[in-house]
Amino acid sequence: MSYHLRTWPDKILKKKMDKVDFFSDEKLKEYIDVMFKKMYELEGVGLAANQIGIPYQIIVIDTTNREESEEEGKKLVLINPEIIEKDGEVLSTEGCLSFPGVQIEIPRAEKVKVKAFDFDGNEINIETDGFLAIVLQHEIDHINGIPFINYLPPVKKRLVLEKYMKNRKKDKDTAKAKGV
Ligand SMILES: [Zn+2]
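Note that our numbering numbers the sequence shown so that position 176 is 163, with each residue one more than the last.
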């Protein structure tokens, strides 16, 4: 399997991923390792499995090196994560590795409660706000096939997508001309 970064409109970013039922397994370890490796390579703070072509509900997060944050950083592996409670609303400025060049402001819940499992299938419960709450919502959306542009009003979403697709085509043509 090739674990390269998938960018919009790749089909795998539009589907709900399958639940993991192979806990403590070699394959699951391989997926988690490659996800961290890719996330650091791409300088992201979070990555969902389908962003690199892995069709399961796995997310990894590392906010430990985020300088502008005053919160304590967290390194997390969450399997089959679900948001079970949301509270409050904040405006969040977000980018996404799967939408190169796009940065938008969207509403998010201020606080979330998340239920997930670790590598061995033990239940994990997280209750948080601030930056981590935003990253959790963004990544859990990914494994459910929901892109962050869906939170924009329809007209704005269309404009952002049109611009993105135009730039994407330009980048592809440049790559073709260079033969890469
Ligand atoms: Zn994303």
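For glycine and all other residues, C-beta sits at the position ideal for the given N, C-alpha and C.
Values in this document were obtained by computation on a predicted structure and should not be read as measured data.
{"Asked": "When the Cα of Ile130 is compared with those of Lys62, Tyr151, Asp158 and Val47, which residue comes out closest?", "Found": "Val47"}
{"Asked": "Residues around ligand 1, please: the condition is that the C-beta lies closer than 6 Å to some non-hydrogen atom of it.", "Found": "Cys83, Leu84, Ser85, His125 and His129"}
{"Asked": "Going by DSSP, what residue range makes up the alpha helix (DSSP H) through Asp20?", "Found": "Glu13 to Glu28"}
{"Asked": "What would DSSP say about Thr161, mapped onto helix, strand or coil?", "Found": "helix"}
{"Asked": "Can the beta-carbon of Ala120 be found closer than 8 Å to that of Val89?", "Found": "no"}
{"Asked": "Give me the Cα-Cα distance between His(-9) and Thr80, rounded to the nearest whole angstrom.", "Found": "25 Å"}
{"Asked": "Give the straight-line distance between the Cα atoms of Ala162 and Leu84, rounded to the nearest whole angstrom.", "Found": "19 Å"}
{"Asked": "Which residues in the same chain as Gly75 place their Cβ atom closer than 7 Å to its Cβ, once the five residues preceding and following it in sequence are excluded?", "Found": "Ala96, Glu97 and Lys98"}
{"Asked": "Could you give the DSSP three-state label for Glu59: helix, strand or coil?", "Found": "coil"}
{"Asked": "Taking Ala103 as part of the beta strand (DSSP E), name the residues at either end of that continuous run.", "Found": "Lys98 to Phe104"}
{"Asked": "Which one or two residues does DSSP pair with Pro94 in a beta bridge?", "Found": "Leu78"}
{"Asked": "Excluding the five sequence neighbours on either side, which residues of its own chain have a C-beta within less than 8 Å of the C-beta of Tyr151, listed in chain order?", "Found": "Trp(-5), Phe86, Gly88 and Val89"}
{"Asked": "Which residue's Cα is closest to the Cα of Pro140: Ile93, Lys165 and Glu110?", "Found": "Ile93"}
{"Asked": "Between the alpha carbons of Asn137 and Lys144, how many angstroms are there, rounded?", "Found": "7 Å"}
{"Asked": "Roughly how many angstroms separate the alpha carbons of Lys165 and Asn154, rounded to a whole number?", "Found": "17 Å"}
{"Asked": "If we call anything under 8 Å between Cβ atoms a contact, is Val7 one with Ile66?", "Found": "yes"}
{"Asked": "Does the separation of the CB atoms of Val147 and Ile91 fall below 8 Å?", "Found": "yes"}
{"Asked": "Where do the ends of the beta strand (DSSP E) carrying Leu139 lie?", "Found": "Neither: Leu139 is in no beta strand (DSSP E) and is coded neither H nor E."}
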